[in-house]
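K.L.:
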Amino acid sequence: MSSFFVLFKKEFRGQLKTYRFLIVIALFFVFGLGTPLLLKYLHALIPAEDAVIGIPEFTAADAVQSYISSLGQLGLVAAVLVAMGSVAGERESGTAAITLSKPVGRGSFIVAKLGALSVTFGAAMIVGAAGCYLYTVVLFGNPGGSNFLIASLLGALYLLFCLAVTVMYSSFVKSPLAAGGLSFVTLVAIAGTAGLPGIKYYSPGALVSWAEDVAMAGGPNPWWVLAVSIALIILVIVAGWRVFKATEL
Amino acid sequence: MPAISCQGLTKHYGSVVALDNLALTIEDKVIFGFLGPNGAGKTTALKIFTGLSRPTSGRAWVAGEEVVSHSRSLQSKIGYLPEEPAFYNWMTGREYLTFVGQLFSLSSRDIKKRCGELLELVDLSRDASRRVSSYSRGMRQRLGIAQALMNKPGVLFLDEPCSALDPLGRVEVLDTLVRLKEQATTIFMSSHILADVERICDVVGIIDRGRLVVESGVEELRQRFAHPVFEIEFEEPAASFVGLLESLSWVEKVNAAAEGNLFKLRVSVRDVATAKVEIPRLIAGSGLTLRQYQMVLPTLEEVFIELVGNRKD
Numbered sequence: 001m002s003s004f005f006v007l008f009k010k011e012f013r014g015q016l017k018t019y020r021f022l023i024v025i026a027l028f029f030v031f032g033l034g035t036p037l038l039l040k041y042l043h044a045l046i047p048a049e050d051a052v053i054g055i056p057e058f059t060a061a062d063a064v065q066s067y068i069s070s071l072g073q074l075g076l077v078a079a080v081l082v083a084m085g086s087v088a089g090e091r092e093s094g095t096a097a098i099t100l101s102k103p104v105g106r107g108s109f110i111v112a113k114l115g116a117l118s119v120t121f122g123a124a125m126i127v128g129a130a131g132c133y134l135y136t137v138v139l140f141g142n143p144g145g146s147n148f149l150i151a152s153l154l155g156a157l158y159l160l161f162c163l164a165v166t167v168m169y170s171s172f173v174k175s176p177l178a179a180g181g182l183s184f185v186t187l188v189a190i191a192g193t194a195g196l197p198g199i200k201y202y203s204p205g206a207l208v209s210w211a212e213d214v215a216m217a218g219g220p221n222p223w224w225v226l227a228v229s230i231a232l233i234i235l236v237i238v239a240g241w242r243v244f245k246a247t248e249l
Numbered sequence: 001m002p003a004i005s006c007q008g009l010t011k012h013y014g015s016v017v018a019l020d021n022l023a024l025t026i027e028d029k030v031i032f033g034f035l036g037p038n039g040a041g042k043t044t045a046l047k048i049f050t051g052l053s054r055p056t057s058g059r060a061w062v063a064g065e066e067v068v069s070h071s072r073s074l075q076s077k078i079g080y081l082p083e084e085p086a087f088y089n090w091m092t093g094r095e096y097l098t099f100v101g102q103l104f105s106l107s108s109r110d111i112k113k114r115c116g117e118l119l120e121l122v123d124l125s126r127d128a129s130r131r132v133s134s135y136s137r138g139m140r141q142r143l144g145i146a147q148a149l150m151n152k153p154g155v156l157f158l159d160e161p162c163s164a165l166d167p168l169g170r171v172e173v174l175d176t177l178v179r180l181k182e183q184a185t186t187i188f189m190s191s192h193i194l195a196d197v198e199r200i201c202d203v204v205g206i207i208d209r210g211r212l213v214v215e216s217g218v219e220e221l222r223q224r225f226a227h228p229v230f231e232i233e234f235e236e237p238a239a240s241f242v243g244l245l246e247s248l249s250w251v252e253k254v255n256a257a258a259e260g261n262l263f264k265l266r267v268s269v270r271d272v273a274t275a276k277v278e279i280p281r282l283i284a285g286s287g288l289t290l291r292q293y294q295m296v297l298p299t300l301e302e303v304f305i306e307l308v309g310n311r312k313d
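Quick look at the structure:
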């Protein structure tokens, strides 16, 4: 077994044993079920006489759009919180020094972490999306399978970008808290660029708004966002590896 | 070919010089004790030898290979125990050793066999199925030693291997290290427990402020650097005798201590020949009841204090 698979297996088992896998799955599941449920019963929660503005009647597309929109915020926070200690935590505790004194490449060390985190968040996305789709169908009707799938995949790519950025910062610094702070600021800034003219067609932050447009079955397809996001994911992994390779433990 | 060697090894952390032109040659199948006060550069040297840190300048060779960062070939030949070994707390002791065996690409059968041997060796067989988070500091230290031995390394680097162990645990670990040396392993251990170093090391190196003060065999070092010491035990207090000794020009220092009914003196001298003649004569004339008298070489601790203690600002 190559060192990558040994490390990947260890990472994934670590996520299972420390309940991070279950917590992320549960979070996305609750969130997937809750979004259409909240929209459906918003009228009941806020009586018409109490509402300052009128609450419109929501559709299946609204439920999916709302789910994707929330994914861009809650998913970002979850990704940062779960991934910020991935490398920095090991450096801080000293486990990295023992592991990396064995015949293990630092690239494998980082990619195995990102791989295991991606599997966790991928599984959580599937569970959350399944919950959201099911409740949307039950409460609002069919939102359109292909649009829902594409919107979810774009959301998943955005989460992968958030994880890659956080793992990169985690390999730059020794403190998980500093890695989390840097990642959060960077990702919020990138999300902010999604509304800027010119940049919005290239920024990974626009993945979420693109996914929302797909959910609403409208809007342009900014393919450059896809290409730039994939390129940036590769770039931040390479940057994390290069910096970590030069880091003394 | 030496098992470990280095030339001009220097390491700077900003303006701090952690290692200053270190040169060492350690032969195969010896236990080398690396001594020095806190912050002397011991851990820095260990990290460079294991490829976890890079020198600012200079070169090092371990197990026939030049040390370069992240050399998998080198890392497969060595074992390393950091000063405070850290583990994945959610793993059990056996799971951790299995993980380490997999990193060395050992077969499942070899890993199982080796885990059993190592757990037995470090006396953790009964606790192998417990999570590492529940281990005491001594148990973690022993697990650390076990993981360092997983690949049957030719060269073993241990940073303070006995620091967290109780006296019995220390004896067991030291005996294990001696057995490993007999099995053709070269051991490089840093320690501040000088009695341990004195007990098992063939060669010692003393480092202070990044510079190697001395590298020598333990016996040779004691002969070379220390003034001979005479131990005298009386069956009653001997304060006046201590005063008499302290007034003599050939006596360098007298340490006196009462232990139960015994009064023990440790006399360092400048002139051994004179002391050999004069001390028995003075004892005979003192009227004190002599329990024991012998000339001993100083301990490694005394050598260490002489070499390093005198250099303090």
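Residue numbers (this note's numbering), protein chains in the order written: chain F, 1 to 249; chain V, 1 to 313.
All residues carry an ideal CB built from backbone N, CA and C; glycine is no exception.
Cα-Cα, which of V:59, V:303 and V:181 is closest to residue 19 (chain V)?
P.N.:
One-based indexing of the second sequence puts residue 19 (chain V) at position 19. Among V:59, V:303 and V:181, the Cα nearest to that of residue 19 (chain V) belongs to V:59.
K.L.:
List in chain order: all unbroken alpha helix (DSSP H) runs of 4+ residues lying wholly within the region 231-298 of chain V.
P.N.:
239-246 and 272-286
K.L.:
Between residue 185 (chain V) and residue 132 (chain V), which are expected to be in contact by the criterion C-beta below 8 Å, what is the C-beta distance as a whole number of angstroms?
P.N.:
Numbered from its first residue, the second sequence carries residue 185 (chain V) at position 185. Numbered from its first residue, the second sequence carries residue 132 (chain V) at position 132. The Cβ separation is near 25 Å, so there is no contact.
K.L.:
What does DSSP give as the partner residues of residue 338 (chain V) in its beta bridges?
P.N.:
Nothing can be reported for residue 338 (chain V), as the shown portion of chain V is limited to 1 through 313.
K.L.:
Since residue 12 (chain V) meets chain F, which of its residues come closer than 8 Å, beta carbon to beta carbon?
P.N.:
Translated into positions along the second sequence, residue 12 (chain V) becomes position 12. Those within 8 Å of residue 12 (chain V) in chain F number zero; the least Cβ separation is about 12 Å.
K.L.:
Going by the CB atoms, is the gap between residue 248 (chain F) and residue 174 (chain F) shorter than 8 Å?
P.N.:
If you number the first sequence from 1, residue 174 (chain F) lands on position 174. If you number the first sequence from 1, residue 248 (chain F) lands on position 248. Result no, Cβ atoms of residue 174 (chain F) and residue 248 (chain F) do not sit closer than 8 Å.
K.L.:
Just to confirm my understanding: we take residue 24 (chain F), look at its own chain, exclude 5 residues before and 5 after, and list those with CB closer than 7 Å. What are they?
P.N.:
Residue mapping note: residue 24 (chain F) aligns to position 24 of the first sequence, counting from 1. Around residue 24 (chain F), the same chain offers 78, 82, 120, 121 and 124 as residues with beta carbons nearer than 7 Å, after the five sequence neighbours per side are excluded.
K.L.:
The alpha helix (DSSP H) spanning residue 95 (chain F) covers which residue range?
P.N.:
To locate residue 95 (chain F), count along the first sequence from 1; it is residue 95. Looking at the DSSP string, the run of the alpha helix (DSSP H) that includes residue 95 (chain F) is 95-99.
K.L.:
In chain F, which residues lie less than 7 Å from residue 90 (chain V) when you measure between Cβ atoms?
P.N.:
As a working note, residue 90 (chain V) is residue 90 in the second sequence. Those within 7 Å of residue 90 (chain V) in chain F are 14, 17 and 18.
K.L.:
In chain order, what residues of the same chain lie with their CB nearer than 8 Å to the CB of residue 12 (chain V), ignoring the 5 residues before and after it?
P.N.:
For the purposes of this step, residue 12 (chain V) is identified with residue 12 of the second sequence, where counting begins at 1. Taken in chain order, the residues that qualify are 18 and 56.
K.L.:
Leaving aside the five residues before and after residue 158 (chain F) along the sequence, list all residues of the same chain whose C-beta is less than 6 Å from its C-beta, in chain order.
P.N.:
Within the first sequence, the letter at position 158 stands for residue 158 (chain F). Cβ neighbours of residue 158 (chain F) beyond the five flanking positions: 207 and 208.
K.L.:
Pull up the CB-CB distance for residue 267 (chain V) and residue 232 (chain V), whole angstroms please, since I reckon it's below 8 Å.
P.N.:
The residue given as residue 267 (chain V) occupies position 267 in the second sequence. The residue given as residue 232 (chain V) occupies position 232 in the second sequence. Yes, residue 267 (chain V) and residue 232 (chain V) are in contact; Cβ-Cβ is about 7 Å, under 8 Å.
K.L.:
Whole angstroms are fine: how far does the CA of residue 158 (chain V) sit from the CA of residue 87 (chain V)?
P.N.:
Position 87 of the second sequence, counted from the start, is the residue given in the question as residue 87 (chain V). Position 158 of the second sequence, counted from the start, is the residue given in the question as residue 158 (chain V). When rounded, the distance between both Cα atoms is 16 Å.
K.L.:
Could you tell me if residue 141 (chain V) is buried or exposed, where buried requires 16 or more neighbouring beta carbons within 10 angstroms of its beta carbon?
P.N.:
Indexing the second sequence from 1 puts residue 141 (chain V) at position 141. It counts as buried.
K.L.:
Let me make sure I understand the geometry here. Which of F:187, F:136 and F:164 has the alpha-carbon closest to that of residue 238 (chain F)?
P.N.:
As a first step, residue 238 (chain F) is located in the first sequence; it is residue number 238 there, counting from the start. Considering only alpha carbons, the answer is F:164.
K.L.:
Run through DSSP, which three-state label would residue 64 (chain V) get?
P.N.:
Indexing the second sequence from 1 puts residue 64 (chain V) at position 64. Looking at residue 64 (chain V) - three-state DSSP - the assignment turns out to be coil, as it is neither helix nor strand.
K.L.:
For residue 255 (chain F), which residues from the same chain have a beta carbon less than 8 Å from its beta carbon, with the 5 sequence-adjacent residues on both sides left out?
P.N.:
With chain F represented from 1 up to 249, any question about residue 255 (chain F) goes unanswered, as that position is not in the structure.
K.L.:
Using a beta-carbon distance below 8 Å, is residue 85 (chain V) in contact with chain F?
P.N.:
Start at 1 with the first residue of the second sequence, and residue 85 (chain V) comes out as number 85. Interface residue, yes.
K.L.:
Using DSSP bridges, identify the partner residues of residue 108 (chain F).
P.N.:
Numbered from 1 along the first sequence, position 108 holds the residue referred to as residue 108 (chain F). Bridge partners of residue 108 (chain F): none, in fact.
K.L.:
From the DSSP output, which residues share a beta bridge with residue 159 (chain V)?
P.N.:
Residue mapping note: residue 159 (chain V) aligns to position 159 of the second sequence, counting from 1. When DSSP reads this structure, residue 159 (chain V) sits in a beta bridge with V:190.
K.L.:
Roughly how many whole angstroms lie between the Cα atoms of residue 278 (chain V) and residue 257 (chain V)?
P.N.:
Within the second sequence, numbered from 1, the residue matching residue 278 (chain V) stands at position 278. Within the second sequence, numbered from 1, the residue matching residue 257 (chain V) stands at position 257. Answer to the nearest angstrom: the Cα atoms are 22 Å apart.
K.L.:
Quick one: what does DSSP say residue 183 (chain V) is sitting in, helix, strand or coil?
P.N.:
What you label residue 183 (chain V) is simply residue 183 of the second sequence in a count that begins at 1. Looking at residue 183 (chain V) - three-state DSSP - the assignment turns out to be coil, as it is neither helix nor strand.
K.L.:
Suppose contacts are defined by Cβ-Cβ distances below 8 Å. Is residue 103 (chain F) in contact with residue 103 (chain V) by that definition?
P.N.:
One-based indexing of the first sequence puts residue 103 (chain F) at position 103. One-based indexing of the second sequence puts residue 103 (chain V) at position 103. In this structure, residue 103 (chain F) lies near residue 103 (chain V), with their beta-carbon atoms less than 8 Å apart.
K.L.:
Between the C-alpha atoms of residue 240 (chain V) and residue 286 (chain V), what's the straight-line distance to the nearest angstrom?
P.N.:
Within the second sequence, residue 240 (chain V) is the residue found at index 240, counting from 1. Within the second sequence, residue 286 (chain V) is the residue found at index 286, counting from 1. Approximately 9 Å, taken between the alpha carbons.
K.L.:
Between which two residues does the alpha helix (DSSP H) harbouring residue 49 (chain V) extend?
P.N.:
The count along the second sequence starts at 1 and reaches residue 49 (chain V) at position 49. Per DSSP, residue 49 (chain V) belongs to the alpha helix (DSSP H) from 42-49.
K.L.:
Of all Cβ atoms in chain F, is any one closer than 8 Å to the Cβ of residue 52 (chain V)?
P.N.:
The residue you call residue 52 (chain V) lines up with position 52 of the second sequence. So yes, residue 52 (chain V) belongs to the interface.
K.L.:
Taking the straight line between their C-alpha atoms, what separation do you get for residue 230 (chain F) and residue 51 (chain V)?
P.N.:
Taking the first sequence and counting its residues from 1, one reaches residue 230 (chain F) at position 230. Taking the second sequence and counting its residues from 1, one reaches residue 51 (chain V) at position 51. Each residue's Cα considered, the two are about 34 Å apart.
K.L.:
According to DSSP, is residue 23 (chain V) helix, strand or coil?
P.N.:
For the purposes of this step, residue 23 (chain V) is identified with residue 23 of the second sequence, where counting begins at 1. In the structure shown, residue 23 (chain V) sits in a strand (DSSP, three-state: E or B).
K.L.:
In chain F, which residues lie less than 7 Å from residue 76 (chain V) when you measure between Cβ atoms?
P.N.:
As a first step, residue 76 (chain V) is located in the second sequence; it is residue number 76 there, counting from the start. Within 7 Å Cβ-Cβ: 103.
K.L.:
Kindly say whether residue 237 (chain F), judged by its beta-carbon, lies nearer than 8 Å to any beta-carbon of chain V.
P.N.:
For the purposes of this step, residue 237 (chain F) is taken as residue 237 along the first sequence, with counting starting at 1. Not one chain V Cβ lies under 8 Å of residue 237 (chain F).
K.L.:
Less than 8 Å between the beta carbons of residue 74 (chain V) and residue 62 (chain V), yes or no?
P.N.:
Taking the first residue of the second sequence as position 1, residue 74 (chain V) is located at position 74. Taking the first residue of the second sequence as position 1, residue 62 (chain V) is located at position 62. Yes.
K.L.:
Kindly indicate if chain F contains any beta-carbon less than 8 Å away from that of residue 70 (chain V).
P.N.:
Translated into the one-based positions of the second sequence, residue 70 (chain V) becomes position 70. With 8 Å as the cut-off, residue 70 (chain V) counts as an interface residue toward chain F.
K.L.:
Can you tell me which of the three DSSP states residue 175 (chain V) falls into?
P.N.:
Position 175 of the second sequence, counted from the start, is the residue given in the question as residue 175 (chain V). The answer is helix: DSSP assigns residue 175 (chain V) an H, G or I state.
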